[in-house]
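Residues in the sequence shown are numbered consecutively from 78, following my numbering.
Below: the structure, in structure tokens.
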Amino acid sequence: MIQTELKPLLTSISDFDLKTYLTTEKELVEKALDESLPLGKPEKIYEAMRYSLLAGGKRLRPILCLATAQLLGEKKIIAMPTACALEMIHTMSLIHDDLPAMDNDDYRRGRLTNHKVYGEDIAILAGDGLLAYAFEYVAENTKNISAERIVKVLAILGKAVGAEGLVGGQVMDLDCEGKSDVTAETLTFIHRRKTGALLEACVSCGAVLAGASSDDLTRLSIYAQNIGLAFQIIDDILDVTATSEELGKTAGKDISAQKATYPKLWGIETSQAKAEELVKDAIEQLVVYGEKALPLQAIAQYIVQRKN
Ligand code: FPP
Ligand code: MG
78 MIQTELKPLL
88 TSISDFDLKT
98 YLTTEKELVE
108 KALDESLPLG
118 KPEKIYEAMR
128 YSLLAGGKRL
138 RPILCLATAQ
148 LLGEKKIIAM
158 PTACALEMIH
168 TMSLIHDDLP
178 AMDNDDYRRG
188 RLTNHKVYGE
198 DIAILAGDGL
208 LAYAFEYVAE
218 NTKNISAERI
228 VKVLAILGKA
238 VGAEGLVGGQ
248 VMDLDCEGKS
258 DVTAETLTFI
268 HRRKTGALLE
278 ACVSCGAVLA
288 GASSDDLTRL
298 SIYAQNIGLA
308 FQIIDDILDV
318 TATSEELGKT
328 AGKDISAQKA
338 TYPKLWGIET
348 SQAKAEELVK
358 DAIEQLVVYG
368 EKALPLQAIA
378 QYIVQRKN
């Protein structure tokens, strides 16, 4: 799409009241998450799982899943169990990422990390518990959707978590720590798996639940891959430019842990420009859906404008 055609679209996206949209959706998700995991026995493990699952956060992943189902004409409520499962998986990955054996972080979402409160043993198990429960929760609670679509969703989730997704990305990330010769290709490989795979799963799961065509799935996957990479580039920039208070986690961690980052490779300005380019492409992918795509397009734009 040429620049002049994109301009009116960018204006409608800026006019879309994303703040109200995200606040309303987040409230729905918070309520669903709270109800998804009641306290059970042994209480200690349920408390540890709930501590991190209900610690707030932007809830972008479940919101992306709900918004995609809605874009394709489904009632968003049918995607709520999957949306909750995606947040369970995201939360477990953060609990494990913060462990001393990984990034050894003390703060997450503005509060002490899980292992700082419950100890390493329980934090590992809380992560495991959330991961297993995510799959159970989708299988048990998704209503009025064919078994075939539910199985597809479970397969997408499994792939996003495993060695082709989060696990593989995290292994490469740990491997590259302290290395000064990490290329942009390797960094992109890491982030497409560590962050991108789950973001793509959010959109693909919402799409599959709503009966997406293969054209829909292709367009939405490209949208998601682009916003996933843009999200990570901005994360790297914020690690250098924002404060720990703004981020709710330790700022400047990438430098102290000698992580490869986009600002280190390209500088802040070029990194920001690349993120904006990726978001522009993501927005263009959804033009065929007209106004219905505004929430997903506005979320894409928010990803490059966010301050935490
Ligand atoms: C945060 O990245 C970490 C992730 C996005 C995922 C990490 C993945 C794992 C720990 C594998 C989890 C295991 C399973 C089974 C899914 P970051 O450290 O760059 O960002 P941060 O500053 O928010 O910590
Ligand atoms: Mg980390």
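Note that the Cβ used here is the ideal one computed from N, Cα and C, for glycine as well.
- For the pair A224 and D293, the Cα-to-Cα distance works out to about 20 Å.
- Checking the 7 Å criterion, the Cβ of D182 is within range of a heavy atom belonging to the ligand MG.
- At least 8 Å separates the beta-carbon of V215 from that of V285.
- In this structure, A162 lies away from A200, with their beta-carbon atoms at least 8 Å apart.
- DSSP places R186 in the coil class of the three-state scheme, outside both helix and strand.
- A contact between stretches requires three or more CB pairs, one per stretch, nearer than 8 Å, and the stretch 322 to 333 fails this requirement with the stretch 251 to 266.
- A check of alpha carbon separations from L99 across P139, E124 and E120 identifies P139 as the nearest.
- Taking 8 Å as the upper bound for CB-CB distance, I90 and Q378 are in contact here, some 6 Å apart.
- Residue side-chain check: D174 places its Cβ nearer than 7 Å to a non-hydrogen atom of the ligand MG.
- In the displayed model, L131 falls within coil according to three-state DSSP, outside both helix and strand.
- Residue environment for T159: buried (at least 16 other C-beta atoms within 10 angstroms of its C-beta).
- At a Cβ-Cβ threshold of 8 Å, G283 and A156 count as neighbours.
- For N191, the enclosing alpha helix (DSSP H) stretches over residues N191 to Y195.
- The DSSP-derived three-state label of V280 is helix.
- Where P340 is concerned, the enclosing alpha helix (DSSP H) starts and stops at Y339 to W343.
- In the structure shown, the three-state DSSP call for T168 is helix.
- Spatial neighbours of L315 in its own chain (CB-CB distance under 6 Å, excluding positions within 5 residues in sequence) are not present.
- Taking 8 Å as the cut-off, the beta carbon of A237 is found closer than this to the beta carbon of L275.
- The ligand FPP never approaches K384 closely enough for any of its heavy atoms to be under 7 Å from the residue's Cβ.
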